[in-house]
Structure formats: structure tokens, C-alpha cells
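Okay, structure first, notes after.
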Amino acid sequence: MSNGFLCNDGVKCRSNQAKEENNMRRKRILTLTMNPSLDFSTSVDHVIPGLKLRCESMRSDPGGGGINVSRVIARLGGETVAVYTSGDEEGLELSRTLEREGVGLLPVNIGAHTRRSFAVRERKSGNQFRFVPPGHDLGPDEWSHCLEVVERGLDEAGLAVASGSLPGGVPEDFYGRVAALCRDRDIPFILDTSGPALRAAIQKTEMYLLKPNMAELGFLHGAQIQTDEDMETAARELIWRHKVKVVVVSLGAGGVVLCTGDRLERMRTPTVPQRSRVGAGDSMVGAIAVKLALGSPIHKAVSYGLAAGAAAVMTPGTELCRREDVDKLYARLAGEGENALEELER
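Just add 1109 to the spot in the sequence shown (first one is 1) and you have our numbering.
Below, the structure is given as C-alpha cells:
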């Protein structure tokens, strides 16, 4: 059996080999996490001030937007490499776990330790309490090195995703610089962040996809989003003024609104039992990236993302989506066809 495309003399044709390598490159997804963490989670019966609370066994997971996106991509069968800052023993533990999960590693060593976050689920009420400290500031040499590693990583990637906050010391337009690197290589760039980093990024250059929630969309628009008309105006402003090709507005349990240059539609999320909303947004972005890297149209990619986001809600603590749940929910959405879509009122 042949291992590839063979010429008449049995030697693999260079042109066909180049095509094969290019196809592999297009499917590889690079993610960027500037402020990763080790996420610890547990549960207690009640959260009561002043008392010593007996918890269940602690679990830990790699955390941070881009890292979670890479973990989801690997779970869903995609090929991914993660660029992330890494410091001290926490950074080494994060790298070991990512490697076990099949994520390619491009760590950038920093002088401080990788931060830890903590989540507690109150079993009686179902409420979840999340404690997220800030990351350590990065110096100019450290964040500049991150850009250099991203630039090298893009040579082997066909899609890039940046997700999560920027630590102190990093310029607000950092993600815009990453977007420009992707633009110069004709690589689609997906951004999921908030605040000044989001605003600075869209002002610097064009990009393929943004995934704001309602508050973030209002922040970019300069006014609170109160109606469907407000949402449409704000989303289309990103496309027309800032040259974003696709805007996916997250509505939480209400699904998303997908806006492109020629379509605007609400897409519902499947109804599932809720255990934890941690990782739902990252699961959605990871699934969207997987489908886009395979050449799927944006509507199918977002539908797959909705299935992954809902699947993540079904898992406890900081756990992400499971592939079997994603596939079942995606099949359910596909079976609903047009009933899964709801045109916005004009």
C-alpha cells in the first residue's frame, strides 16, 4: 500500500508531497495564551463564612483561554500547537498535562510562576464560586519573545486563535500585532478577549472572527446593547468599519447571533443539564476552529461550536467538553435543520 502520491518510478512526486504538506498545514491550529493558569476545583455542601469547609478531592486542569481552546481541538480530533507563557513548577505541570492530552507545545519561559485559579461548587444550591488572581506582569523581553514564537509557529499553521486576558506589562495592542502577523501570511485569526485589549486589536488591523458577548459588544459600540436592532448595528459596525469578517455574539444559554457581510441570524444552543459553565466559551471557540480548519462553512462551524459549548456545561468543575457529547448534540442540531435557526426581527 502506498504511503502517498507516487510517480511512475515509485518515488513520491515533489509537487504532490508539497500539496499534502500544505493540506496538513492548513489543518494545524495555533493558539496563544498570554495569561495561563492551573485551574483547581472542588465542591462543598455549603459555603459558610468563618467555618472550616470540608471539600471533595481537588482536581486540577490546565487553564487559560487559548490553552483550553487547544485542549478542545485535540479532544475533537484536530491538530493544534499552543503558545503560552510558562513559569516555575506550575508551568512545568501545565506543560506535562498538555502533552498528555495531545497538544503541541511552544512554551515561552518567564521569570514568574504560572498563576493558579480556584473554583468551588456549592452542592446544595448548585452555585459556583470562581477565584481568579491576576497573572504576573511581563517585561518587554518576555512579551516580545512571545511574538517571535508566534511568528515561527505560524509557519506551520493554517489557522490561529488568541484567547484570554493580557497580563500587566503587555501593550494593549498586542493581539492586534498578532492579527497583523496572521494577515501578512493570509492565515485566518480568531480573537476572544475583552476590554482595552479587544478594542486596540480591532483598531490595528483586520481579522477573521470575533466572539464578543453582549457586554463586550456594547463596549466596542460605545453604548449598551438593549435591542436586536442595537445588536445588529454594533455587529455590522465591526464588519464594515473594522474589517472583521465574522462576528459571533455569545448570548450564553440563549445561543449566539452569527453576523457576516451578508447574513444575520440567531442560532439556538441545545438544552442540556447544567453542571458548570466554566470552559463553555473556550469549547465553542475550539470546535469552531476545528471545523474551519477542515474547510467547513461558517454556519456549520458555529453550529458545531454551539454543541461543544453545551457539552462543556454538562461537565463538572473546570472540565471541558467530551467528544461523544459534542457529536450527539451536533447531530441533534443538524436534525433540527431550519428549526434551530431563528431570524432576528428587523
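Using N, Cα and C, we set each Cβ at its ideal position, and we do this for glycine too.
Please return the same chain residues whose Cβ sits closer than 6 angstroms to the Cβ of M1393, not counting the five positions on each side in sequence. The beta carbon of M1393 is closer than 6 angstroms to those of G1414, A1417 and G1418 in its chain, skipping five residues each way along the sequence.
Could you tell me the boundaries of the alpha helix (DSSP H) in which R1386 lies? Counting along the chain, R1386 falls outside any alpha helix (DSSP H), and DSSP gives it neither H nor E.
Which residues share a DSSP beta bridge with S1150? R1168 and A1228.
In whole angstroms, what separates the C-alpha of H1222 from that of L1139? Their Cα atoms are separated by approximately 23 angstroms.
Ordered along the chain, which non-local residues of its own chain (more than five positions away) have a Cβ less than 8 angstroms from that of M1133? Here the model assigns M1133 a pLDDT of 48, short of 50, so the residue's position is not dependable and the matter cannot be decided.
Residue closest to L1401, alpha-carbon to alpha-carbon, out of P1216, G1267, N1236 and C1291: The closest CA to that of L1401, considering only P1216, G1267, N1236 and C1291, is found on G1267.
For R1386, which residues of its own chain have a beta-carbon under 7 angstroms away from its beta-carbon, when the five flanking residues on both sides are left out? These residues qualify, in order along the chain: V1422.
How about G1200 and N1218: do their beta carbons lie closer than 9 angstroms? In this structure, N1218 lies closer than 9 angstroms to G1200 by Cβ.
Taking the C-alpha atoms as reference points, what is the distance between T1342 and A1271? Looking at the two C-alpha atoms, the distance is approximately 25 angstroms.
Do V1150 and R1230 have their C-beta atoms within less than 9 angstroms of each other? As written in the sequence, residue 1150 is Ser, which differs from the Val given in the question. Yes.
The alpha helix (DSSP H) enclosing A1059, as first and last residue numbers: Only positions 1110 to 1455 of the chain appear in this structure, which leaves residue 1059 out of reach.
If you draw a straight line from the C-alpha of G1456 to the C-alpha of V1435, how long is it? Here the chain has residues from 1110 to 1455 only, and residue 1456 is not among them.
Which residues in the same chain have their Cβ closer than 7 angstroms to the Cβ of E1202, if we skip the five residues on either side of it in sequence? Residues of the same chain with a CB within less than 7 angstroms of the CB of E1202, apart from the 5 flanking positions on each side, are L1147 in chain order.
Report the start-end ranges of each beta strand (DSSP E) in the segment 1277 to 1334 that is 3 residues or longer and not cut off at the edges. Those beta strand (DSSP E) runs which fall completely within the segment 1277 to 1334 and span 3+ residues are 1298 to 1301 and 1316 to 1319.
Inspect the CB distances between the segment 1346 to 1364 and the segment 1320 to 1327 and report whether three or more fall short of 8 angstroms. Inter-segment contact for the segment 1346 to 1364 and the segment 1320 to 1327 is present: three or more beta-carbon pairs are separated by less than 8 angstroms.
Boundaries (first-last residue) of the beta strand (DSSP E) holding C1368: In the DSSP assignment, C1368 falls within the beta strand (DSSP E) that extends over V1365 to C1368.
Residues near P1242 in its chain [Cβ-Cβ closer than 6 angstroms; skip 5 each side]: Annotation for P1242: R1224 place their beta carbon closer than 6 angstroms to its own, counting only its chain and skipping 5 residues before and after.
DSSP puts V1192 in a beta bridge; with which residues? The partner list for V1192 (beta bridge, DSSP) reads L1141 and L1215.
For the putative contact between L1185 and R1432, defined by C-beta atoms under 8 angstroms, what is the C-beta separation to the nearest angstrom? 6 angstroms between Cβ atoms; contact.
At the level of alpha carbons, what is the spacing between T1369 and R1163? If I take the Cα positions, the gap works out to 50 angstroms.
Quick one: using the 10 Å Cβ neighbour count with 16 as the cut-off for buried, is I1397 buried or exposed? That one is buried.
How do the segment 1259 to 1266 and the segment 1232 to 1240 stand: do at least 3 beta-carbon pairs fall below 8 angstroms, yes or no? Under the 8 angstroms Cβ criterion, the segment 1259 to 1266 does not count as touching the segment 1232 to 1240, having fewer than three qualifying pairs.
State the start and end residues of the unbroken alpha helix (DSSP H) segment that holds K1409. From DSSP, the alpha helix (DSSP H) with K1409 extends over I1407 to V1422.
Could you spell out where the beta strand (DSSP E) holding E1374 opens and where it closes? L1373 to M1376 is the extent of the beta strand (DSSP E) around E1374.
Hey, how far is the Cα of K1121 from the Cα of V1181? With a pLDDT of only 49 at K1121, under the threshold of 50, the placement of this residue in the model should not be trusted, and no figure is reported.
Report, in whole angstroms, the separation of the C-beta atoms of A1329 and L1307, which I expect to be a contact under 8 angstroms. Looking at the sequence shown, residue 1329 is not Ala but Leu. Confirmed, about 7 angstroms.
Can you tell which of G1327, R1292 and G1390 has the C-alpha that lies nearest to the C-alpha of V1353? Closest in alpha carbon position to V1353, among G1327, R1292 and G1390, is R1292.
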